[in-house]
Each structure stands twice: as C-alpha cells, then as structure tokens.
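To keep things clear, I will list the structure first and then write my remarks on it.
In the numbering used here, the protein residues as written are 5 to 353.
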C-alpha cells in the first residue's frame with residue numbers, strides 16, 4: 005500500500021513539477037517521473053548503498069537524454085535509462101534516515117535551473133524602482149528579464165526603464181510589459197545584468213556567443229554597475245580554449261579582415277572561423293554567414309592555449325580596420341553571481 009500510495013503521489017504531482025522546470029529539463033523530468041512506478045519499488049525491497057546527490061546528478065547526466073524519439077528501440081532505451089535513474093533516486097530515498105518507509109525524490113539542479121537562480125537573484129539584489137537598467141542577451145539573461153517582468157506585474161517594481169541589448173531581448177521585454185528605451189534618450193544606466201560565456205579569475209569575460217556582443221558592450225559600459233550572472237561551468241583559468249572569442253566584423257572584405265586578425269601579436273595561434281547559419285550560437289548550422297542585429301558578420305577565434313593578455317588582445321582587435329567590436333569584456337565586471345553545486349555565491353574583482 006505504501007508503494008501504491010507513493011506512485012499515486014508521483015503521478016499526481018507530475019504536471020505541476022514539469023511546469024516548474026525549464027523547457028530543456030522537462031523531457032527528462034517527465035520521463036523519470038513517468039516510470040517512477042516501475043522503479044520505486046526497489047527502495048522497499050533490498051538495502052542498497054546510499055547514493056549522494058552529486059553522484060545522482062552525474063548518473064542522471066550520463067544515463068538520460070533530453071529527447072526521446074518515437075521509434076520502439078529508442079523508446080526502450082530511454083525507458084531503461086530513466087528507470088535506472090529512478091531506481092538510484094529511490095534507493096537513496098529508501099535509505100534516508102534509516103527507514104525503508106522514507107519517501108523523497110532528490111533532483112539535482114539542471115543547468116537551466118542554475119541560470120534561473122542567478123538571474124532572479126541579480127534582479128532581486130540590484131534592481132530598484134525608479135531606475136534605468138540594461139537587459140542582457142542569452143540563455144541566462146533571459147531569466148533576469150523574466151524576473152523584471154514578474155516584479156513589475158506584481159507591483160514590487162515600479163517606474164523601470166530598460167535598455168535591451170538585442171532584438172531578441174527587446175521582443176521578450178515587450179511581451180512582459182517592460183517599458184523600453186534606447187541609449188539615445190537614456191545613456192546613464194544604474195545597472196546592467198547579463199550572462200557570460202567564460203569568466204577568468206580576474207572576472208574578465210568572453211561574451212558574444214549569442215551574437216549580440218556590440219550592443220551588449222555599448223549598453224553595459226554605460227552602467228554604473230555591471231552584474232554578471234553565470235553557472236559554475238563558465239568559470240575558467242584563462243580565456244580562449246574553453247570558448248571561442250567572438251569578433252564582429254563588417255561584411256566588406258571580411259576574409260581580408262580575418263587574415264589581419266590572425267596576424268595580431270596578442271592573438272598569436274588563433275584560428276578565425278566565420279560563423280555560419282544561426283547568429284545565436286557558434287555551431288555551424290547553415291551555409292551562409294550569420295548576420296548580427298547590426299548587419300555584420302561574426303568571426304569566432306579558436307585557441308588551444310589561454311590568451312596571455314586579454315587587455316592587449318582587445319586593444320589590438322579594436323584597432324584593426326574592419327573590426328566593429330570584440331567579445332573580450334575586460335575590467336568591466338562589478339560582481340559575478342555564480343550558481344554552483346554548493347549554492348549561489350558572489351565573486352568580486
């Protein structure tokens with residue numbers, strides 16, 4: 005009866021749990037909870053070693069897939085994988101507090117959940133009524149924009165004016181009823197909030213994975229405070245090898261500009277790659293150059309070793325004819341809010 009009651013509870017909570025999670029995580033969550041009835045009984049049959057939450061997270065990452073195909077073979081594989089995860093979670097729950105009757109579902113935070121945590125915290129801590137704010141672009145900044153919209157709707161925030169850093173962010177903000185302006189009318193910002201693709205120990209950043217680096221930089225340089233929000237995976241020892249450095253260039257003679265960039269002393273060893281397809285990511289997914297909101301191209305600079313002097317690299321790029329701007333954001337960060345496995349923490353320059 006305990007098992008049946010548990011399974012009924014899991015099924016009843018499935019819709020609300022799925023809605024609370026980000027879209028990329030829902031597929032896995034639904035699959036895991038959907039087969040809970042099959043796997044849960046293992047918690048009540050035989051004792052098993054306790055599985056720590058980090059281990060469960062690693063196991064879930066290695067044993068599940070965010071998508072499930074319609075084929076019988078794929079469905080069977082997905083069922084087997086998710087059942088294994090449920091069994092592991094169930095065993096941990098059954099062993100909790102030394103009782104086989106203990107019922108608990110331990111779910112490690114997904115990357116999207118971590119992004120949501122830092123996005124919400126940045127708005128809660130740094131955005132006040134009557135201020136002008138910069139809204140960043142990307143998967144982490146999305147949640148900061150979402151939070152601003154929520155607090156405006158609830159009345160917690162009033163008289164906010166926001167400057168978006170991309171067309172995508174502008175459209176999201178408009179859908180949430182956030183009042184917008186541009187730097188032409190409001191060039192003195194109280195705070196800007198945005199994510200980053202890489203963060204080094206000095207809080208220098210790589211940005212521009214979403215193709216909005218020029219608008220992000222011009223807006224964030226106008227802010228009294230620039231709050232960077234990332235999950236722990238974005239922290240690195242040195243910029244370059246972990247994420248290519250995006251550079252926005254004009255389309256005219258772009259191949260010539262790429263060759264000139266490769267010659268720069270501070271960028272020695274880099275491989276310039278023209279971004280193709282969707283501007284919002286640096287993975288080739290088309291055969292035509294990706295175009296920014298400004299009508300320009302993006303070149304991604306790939307490195308095998310860390311850039312020795314990011315400041316010098318940025319200066320040399322900026323002085324190259326044909327370069328509009330680059331994704332090295334050096335000396336700009338006020339604080340960096342990080343979401344990690346042990347919780348949220350703040351890094352200062």
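All C-beta atoms, glycine included, are put in the ideal place defined by N, C-alpha and C.
Is residue i buried or exposed, if buried means 16 or more other CB atoms sit within 10 Å of its CB?
i, result
"residue 330", "buried"
"residue 205", "exposed"
"residue 132", "exposed"
"residue 333", "buried"
"residue 294", "buried"
"residue 285", "exposed"
"residue 337", "buried"
"residue 256", "exposed"
"residue 349", "exposed"
"residue 54", "With a pLDDT of 36 at residue 54, under the threshold of 50, the modelled position of this residue cannot be trusted, and the question is left open."
"residue 272", "exposed"
"residue 244", "buried"
The alpha helix (DSSP H) spanning residue i covers which residue range?
i, result
"residue 314", "314-322"
"residue 177", "171-179"
"residue 270", "From DSSP, residue 270 is part of no alpha helix (DSSP H); its letter is neither H nor E."
"residue 291", "From DSSP, residue 291 is part of no alpha helix (DSSP H); its letter is neither H nor E."
Assuming residue i and residue j make a contact with CB atoms under 8 Å, what is their CB distance in whole Å?
i, j, result
"residue 193", "residue 226", "5 Å"
"residue 149", "residue 176", "5 Å"
"residue 141", "residue 119", "Rounded, the Cβ-Cβ distance is 13 Å, inconsistent with contact."
"residue 215", "residue 302", "6 Å"
"residue 236", "residue 342", "6 Å"
"residue 184", "residue 168", "6 Å"
"residue 122", "residue 234", "7 Å"
Does DSSP put residue i in a helix, in a strand, or in coil?
i, result
"residue 192", "coil"
"residue 230", "strand"
"residue 333", "strand"
"residue 201", "coil"
"residue 311", "coil"
"residue 251", "strand"
"residue 216", "coil"
For residue i and residue j, what's the separation of their Cα atoms in angstroms?
i, j, result
"residue 322", "residue 261", "12 Å"
"residue 170", "residue 217", "9 Å"
"residue 163", "residue 229", "19 Å"
"residue 259", "residue 279", "12 Å"
"residue 39", "residue 308", "The pLDDT assigned to residue 39 is 36, lower than 50, so where the model puts this residue is not dependable, and the model offers no usable value."
"residue 251", "residue 305", "8 Å"
"residue 296", "residue 318", "20 Å"
"residue 299", "residue 136", "27 Å"
"residue 161", "residue 315", "37 Å"
"residue 289", "residue 282", "6 Å"
"residue 154", "residue 275", "43 Å"
Should residue i be listed as close to the ligand FAD, given that the test is whether its C-beta is under 7 Å from any heavy atom?
i, result
"residue 317", "This structure simply doesn't include the ligand FAD, nor any ligand for that matter."
Within the continuous beta strand (DSSP E) that includes residue i, where are the two ends?
i, result
"residue 136", "136-139"
"residue 1", "Residue 1 lies beyond the range of the chain shown here (5 to 353); nothing can be said about it."
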